[in-house]
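Structure first, then comments.
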Amino acid sequence: MSRRAPHTAAAPRTGTVRAVAAVLASAAALVALTGCAGFEYREHICSDGEYPALNVGTTGSTCVPDGEAPPAGYVKYPRGKVPQEVDDKWDTYWRTHTVDENGRVVDAPAN
703 MSRRAPHTAA
713 APRTGTVRAV
723 AAVLASAAAL
733 VALTGCAGFE
743 YREHICSDGE
753 YPALNVGTTG
763 STCVPDGEAP
773 PAGYVKYPRG
783 KVPQEVDDKW
793 DTYWRTHTVD
803 ENGRVVDAPA
813 N
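Position in the sequence shown counted from 1, then plus 702, gives you my numbering.
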């Protein structure tokens with residue numbers, strides 16, 4: 703005669719394992735579907751220790767080491783209108799605007 707425990711003795715444990723597995727699977731699915739929605743990566747226009755400078759008459763720009771003047775043909779962005787991150791308000795604005803040789807903000811020439 704066999705002295706094995708009745709099969710029903712393991713049932714509560716299996717139910718708990720299944721419940722935990724279902725919760726973990728749901729959490730994994732949630733992460734997979736939403737990604738890292740709360741963590742957005744933003745790329746800076748220039749590296750630390752640099753500032754952006756605008757090419758006069760075009761929408762081009764460059765990064766200049768802090769404390770140095772912009773190279774020939776470039777000027778500092780007007781105060782308060784300096785792009786800080788890719789696709790921020792001012793980065794988008796300067797795609798269609800530039801500064802002319804007199805320092806006035808004008809529409810950028812058509813490509």
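No residue lacks a Cβ here, since even glycine has one placed at the ideal position from N, Cα and C.
Local conformation of residue i per DSSP, three classes
| i | result |
| --- | --- |
| residue 788 | coil |
| residue 795 | helix |
| residue 800 | strand |
| residue 761 | coil |
Identity of the residue in the options nearest residue i by Cα
| i | options | result |
| --- | --- | --- |
| residue 753 | 759, 760, 761 and 767 | 767 |
| residue 776 | 785, 761 and 782 | 761 |
| residue 755 | 779, 725, 793 and 806 | 779 |
| residue 799 | 792, 791, 808 and 793 | 808 |
Element boundaries [beta strand (DSSP E), containing residue i]
| i | result |
| --- | --- |
| residue 754 | 752 to 757 |
| residue 768 | Residue 768 -> no beta strand (DSSP E), and no H or E assigned at all. |
Identified DSSP bridge partners for residue i
| i | result |
| --- | --- |
| residue 778 | 755 |
- [ ] Would you be able to state if there are at least three C-beta pairs under 8 Å between the segment 767 to 783 and the segment 716 to 735?
- [x] No: fewer than three Cβ pairs fall under 8 Å.
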